[in-house]
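Take a look at the structure below.
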Amino acid sequence: METISEKSSKDCIKNVEDNNDNIIDSVDNIIDGCNSKSNNNIVFNTASFKTLKLLYETEKNSIIKYGYNLSLKALGPSNLEKQNVKLVLKIFNKFIPEGLMKQGEKFQFPNYKETAEYIKIINRWWDIVNVKTPFIGIRENNVYKKPLTSSETDERYKFLDGFLNWLEDWKNMGCKTGMLTKETHSALYMTTFALKEITKYCEEEFNMKYILPGKFQTDNLEARFGLYRQMAGAQYHVSLRQVFESENKLRMHSILKICLQSTKFGNLELFQEAVTDNWEELDNFISEKLPTFPVLLSEDDFKKTEDFLPVLVYLGGYCVHTVLKKLKCNICRTLLTCEKELDCSTSLIQNLSRGKLLYPQKCIVNVVLCYHAKVMYYI
1 METISEKSSK DCIKNVEDNN DNIIDSVDNI IDGCNSKSNN NIVFNTASFK TLKLLYETEK
61 NSIIKYGYNL SLKALGPSNL EKQNVKLVLK IFNKFIPEGL MKQGEKFQFP NYKETAEYIK
121 IINRWWDIVN VKTPFIGIRE NNVYKKPLTS SETDERYKFL DGFLNWLEDW KNMGCKTGML
181 TKETHSALYM TTFALKEITK YCEEEFNMKY ILPGKFQTDN LEARFGLYRQ MAGAQYHVSL
241 RQVFESENKL RMHSILKICL QSTKFGNLEL FQEAVTDNWE ELDNFISEKL PTFPVLLSED
301 DFKKTEDFLP VLVYLGGYCV HTVLKKLKCN ICRTLLTCEK ELDCSTSLIQ NLSRGKLLYP
361 QKCIVNVVLC YHAKVMYYI
């Protein structure tokens with residue numbers, strides 16, 4: 001898909017065929033030219049994605065490349081991969097414009113100058129909005145990576161203002177091709193406009209000297225929806241029911257993670273006090289060591305689980321199995337398991353067991369029962 005970059009010429013260009021002879025030399029002129037509201041003074045140029053593919057084809061077999069990081073995956077991503085920022089940065093980086101200018105002139109790529117200028121515009125915008133620390137601009141010697149202020153002399157603020165005008169002029173072209181989608185254009189415009197207004201507001205209302213635009217982002221929200229997609233079977237489009245089911249699992253995980261034994265959260269510590277034959281002491285120990293929740297459970301909360309008691313007993317047995325598999329402790333096995341009991345609460349284990357399933361002690365079932373009631377309260 002082709003995209004359009006535009007510039008303003010100081011001299012009125014009447015002959016459209018002469019456009020390529022009047023390409024500006026710097027991106028600053030592109031942005032400054034966007035301040036012109038007269039359509040007669042605006043010349044539209046084409047930035048082509050095909051040019052990037054030509055650059056890749058000329059250098060794909062070379063060890064040393066101008067187009068550093070440019071890859072086939074970045075040039076042809078799937079719908080899901082189009083949201084991958086790392087792939088986007090393989091195209092929008094400082095090396096690609098240099099590669100286009102060098103190789104484009106040598107191999108006569110179509111629209112290579114305009115494409116390079118377009119990438120530089122997006123790169124500069126990205127440098128400004130991705131600042132997360134105050135001194136990265138000094139460390140990298142990049143004026144566009146310094147904190148943002150609303151000062152009239154601030155190069156970054158002036159760039160954002162020109163960038164908004166550039167987007168407006170691009171939108172007003174009214175072309176059917178070579179345009180951003182309505183949603184992408186709206187998101188890009190609103191993000192840039194909001195950063196300008198936030199900068200102004202913070203300086204006027206809170207007397208802040210600057211802001212860090214990179215702190216205003218939705219990474220956590222995007223990560224959450226990424227989890228929804230993964231938990232729904234790596235599907236890009238998830239249903240509302242799948243979102244609710246995934247959210248319930250994530251909330252349960254956040255509550256119970258300190259009681260789980262995994263490589264991510266570490267092993268449970270085995271306290272000496274737990275090794276005892278006195279069940280009363282063990283119950284007191286469990287009450288002290290297990291995490292507490294700021295919620296009171298009523299008798300009705302437990303009555304709701306009576307119909308699912310066999311399932312909870314089965315889950316208790318699975319918890320015991322998981323712990324014993326890690327600890328490999330005979331004393332722990334004695335404390336956590338019991339002999340088969342023929343009552344309704346163990347019916348599910350009896351029906352599913354082929355001789356290997358474990359029967360948990362009542363204290364384990366009580367723990368599972370309490371956690372189930374608390375989890376249901378939260379979700």
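Residue 120 in full-length UniProt numbering sits at position 120 of the sequence shown, with consecutive numbering throughout. Don't be surprised by glycine CBs; every beta carbon is placed ideally from N, CA and C.
- The beta carbon of L54 sits closer than 6 angstroms to the beta carbons of F109 from its chain, once the five residues preceding and following it are set aside; these are given in chain order.
- A straight-line Cα-Cα distance of about 13 angstroms links D169 and D161.
- Listed in chain order, the non-local C-beta contacts of V311 below 7 angstroms within the same chain comprise L348, local neighbours out to five positions each way being set aside.
- Considering only P77, Q103, N79, A47, the residue with the shortest C-alpha distance to I64 is Q103.
- When L309, V323, R224 are compared, the shortest CA-CA separation from N366 is found for L309.
- Inter-residue distance for W126 and S62 is about 29 angstroms (C-alpha atoms, whole angstroms).
- Going by beta carbons, G178 and T46 fall inside the 8 angstroms limit.
- For the pair L315 and V368, the CB atoms are nearer than the 8 angstroms cut-off.
- Distance from the CA of K182 to the CA of K94, rounded to the nearest whole angstrom, comes to 27 angstroms.
- Annotation for P77: L87 place their beta carbon closer than 6 angstroms to its own, counting only its chain and skipping 5 residues before and after.
- For T337, the pairing in a beta bridge is given by DSSP as P360.
- If you draw a straight line from the Cα of P360 to the Cα of T184, it is about 56 angstroms long.
- Counting only the Cα atoms, N330 lies some 49 angstroms from T218.
- When secondary structure is reduced to three states using DSSP, L148 falls in the strand class.
- When the alpha-carbon of C175 is set against those of Y371, K132, I211, F44, the nearest one is in F44.
- For I211, DSSP records a beta bridge to L148.
- Residue environment analysis places A74 among the buried positions, since at least 16 neighbouring C-beta atoms fall within 10 angstroms of its C-beta.
- The C-beta distance from T337 to L357 rounds to 10 angstroms, too long to fall under 8 angstroms, and the pair is not in contact.
- For the region 189-241, the continuous alpha helix (DSSP H) assignments of 4+ residues that do not extend past its boundaries occur at 219-231, in sequence order.
- Here the alpha carbon of M173 sits roughly 46 angstroms from the alpha carbon of L250.
- Per DSSP, reduced to three states, the secondary structure at Q108 is coil, with no helix or strand assignment.
- Around the Cβ of Y157, a 10 Å sphere holds 16 or more other Cβ atoms; the residue is buried.
- Inclusion of Y189 and L164 in the CB contact set at 8 angstroms is warranted, their separation being smaller than that value.
- In the DSSP assignment, K82 falls outside any alpha helix (DSSP H), carrying neither H nor E.
- Rounded to the nearest whole angstrom, the CA to CA distance from V85 to R224 is 16 angstroms.
- For I63, no alpha helix (DSSP H) segment is defined, and its DSSP state is neither H nor E.
- Leaving aside the five residues that flank K132 on each side, the residues in its chain whose CB is nearer than 7 angstroms to its CB run, in chain order, L212, G214, K215.
- At a Cβ-Cβ threshold of 8 angstroms, T149 and K209 count as neighbours.
- Here F206 is exposed: its Cβ has fewer than 16 other Cβ atoms, across all protein chains shown, within 10 Å.
- An exposed status is given to N141, since fewer than 16 other beta-carbon atoms sit within 10 Å of its beta-carbon.
- Around the beta-carbon of Y236, fewer than 16 other beta-carbon atoms lie within 10 Å, marking it exposed.
- Excluding sequence positions up to five before and after H253, its CB lies less than 6 angstroms from no other CB in the same chain.
- For E59, the enclosing alpha helix (DSSP H) has its first and last residue at 49-59.
- Taking C-beta atoms under 8 angstroms as the contact rule, Q242 and A232 qualify, at a distance of about 4 angstroms.
- Proximity to Y371 across V313, E117, T51 peaks at V313, based on C-alpha coordinates.
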